[in-house]
Amino acid sequence: MKKRTLALCMGIAVTAAMTAGCGGGEQATEAPAATEAPADTEAADTADTEAEAEDTDAEGGSEDLIVVGYAQVGAESDWRTANTESFKSTFTEENGYKLIFDDAQQKQENQIKAIRSFIQQDVDYIVVAPVVETGWETVLEEAKEAGIPVILSDRQMKVSDESLYECWVGGNFVKEGETAGDWLADYLEAQGRGEEEINIVTIQGTIGASAQVGRTEGFGNKLAEHSNWKMLDMQSGEFTQAKGQEVMESFLKSYDDIDVVVCENDNEAFGAIDAIKAAGKTCGPDGDIIIFSFDAVKAAFDAMIAGDLNAAFECNPLHGPRVAEIIQKLEAGEEVEKIQYVDEAYFDTSMDLEEIVKTRAY
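Written out as structure tokens, the structure reads:
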């Protein structure tokens, strides 16, 4: 493994920063600034990242920095924006790092190109938030041959040789889905509807993404425990608001009696809410349809406070500090756990959401 040495004081400073923001019980008090998806072509993106790395080398400062290449999925949601900002604010020169960032714009082929570019640039670590779970073995083998450790963030990969990556950091997606199912059971029971036949539709995320796979599986586990719950339909909303609205419009045309809408991220829920209202129906705690989502970004709190959304199940996007902690351990020659879950909770309209949202960093 390639190593670069940081001054002791720099390591202490980074560790302190990570302890303060590492997906723990308390949230940071400042919201990350929003970032926009790059509009340049793939070729321009690659040229920009390579030029950025060359500029740093020309300045002569990169020899003291740990160089990290981050292949991000895209900028499809508020959650992803917060996730990107977490990395950009963590992997700074002040903290001892040089970050080479690449936005794949939801395409696996772009991420594979980015990883190969990172290998060519001889980075110290590669971090990937994979678009889908499969199809990575060849490029990971190339990284391994180059002696560059790979860390997975948010979504997982399915590979025959797990030594191709060091570890994975993210949410427990199956648990998130199961927590949502338990919440729904309790909510219906409190409404006196515990034994009533409940018609459900699901707006899934990008098919094959580990968040989609895990949340679908987790909620499905709870669905199987309730013989009176009926899943009418499941379609992908691709984790976007526009597609979520489109799928919900289709559901409303196909099914007259929908009791519950499961949205596998917040942005899909915002689109679904728009579709429900446009159809002359209502949703939320006082509405015709129960609707909940995953991620729990600030806009989801706004939707709950407005009475449009019943609940949001957290998927903590602040992975940057946890990944930095892992890199510091690897730099020190320590072993790291293969699977590392971030801490997560859930929120619903029975809580003091206006106070809770003041403490949220995303």
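Numbered by this note's numbering, the letters in the sequence shown go through residues 6 to 367 in order.
Every residue, glycine too, gets a C-beta built ideally from N, C-alpha and C.
For residue i, the residue or residues it bridges with in DSSP
i: Val-155; result: Ile-131
i: Gln-77; result: Asp-108
i: Val-347; result: Answer by DSSP bridge pairing: none, since Val-347 is not bridged.
i: Ile-361; result: None, per the DSSP bridge assignment.
i: Tyr-367; result: In DSSP, Tyr-367 forms no bridge with anything.
i: Lys-103; result: Val-72
Residue i (DSSP reduced to helix, strand or coil)
i: Ala-22; result: Its pLDDT being 33, under 50, Ala-22 is placed unreliably by the model, and nothing is read from it.
i: Trp-173; result: strand
i: Asp-191; result: helix
i: Val-341; result: coil
i: Asp-353; result: strand
i: Lys-163; result: coil
i: Thr-95; result: helix
i: Val-137; result: coil
i: Gln-125; result: helix
i: Ser-168; result: helix
Cβ distance (whole Å) where residue i is taken to contact residue j below 8 Å
i: Val-341; j: Val-132; result: The pair is not a contact, with the Cβ atoms about 13 Å apart (cut-off 8 Å).
i: Ala-214; j: Val-136; result: 7 Å
i: Phe-244; j: Asn-272; result: 6 Å
i: Ile-332; j: Ile-124; result: With a Cβ gap of about 17 Å, Ile-332 and Ile-124 do not count as contacting.
i: Asp-83; j: Val-302; result: 4 Å
Proximity of residue i and residue j at Cβ, strictly below 7 Å
i: Gly-242; j: Val-179; result: no
i: Ala-317; j: Ala-305; result: yes
i: Val-266; j: Ala-277; result: yes
i: Gly-79; j: Gln-111; result: yes
i: Cys-320; j: Phe-352; result: no
i: Arg-220; j: Glu-269; result: yes
i: Gln-209; j: Gln-217; result: yes
i: Pro-326; j: Asn-88; result: no
i: Glu-194; j: Asn-233; result: no
i: Ala-119; j: Ala-148; result: no
i: Met-253; j: Ala-280; result: yes
i: Cys-172; j: Lys-286; result: no
i: Gln-246; j: Phe-275; result: yes
i: Gly-175; j: Glu-349; result: no
i: Glu-138; j: Met-162; result: yes
Residue-chain proximity (residue i, chain B), Cβ-Cβ < 7 Å
i: Gly-182; result: The chain labelled as chain B is not found in the depicted structure, where only one protein chain is given.
Contiguous alpha helix (DSSP H) assignments of at least 4 residues, all confined to the region 270 to 327:
Counting only runs of at least 4 residues, the region 270 to 327 fully encloses the following alpha helix (DSSP H) elements, listed from N- to C-terminal order: 271 to 283 and 303 to 310.
Along the chain, which unbroken stretches of the beta strand (DSSP E) at least 3 residues long are found entirely within the region 197 to 272?
203 to 209, 234 to 241 and 265 to 268
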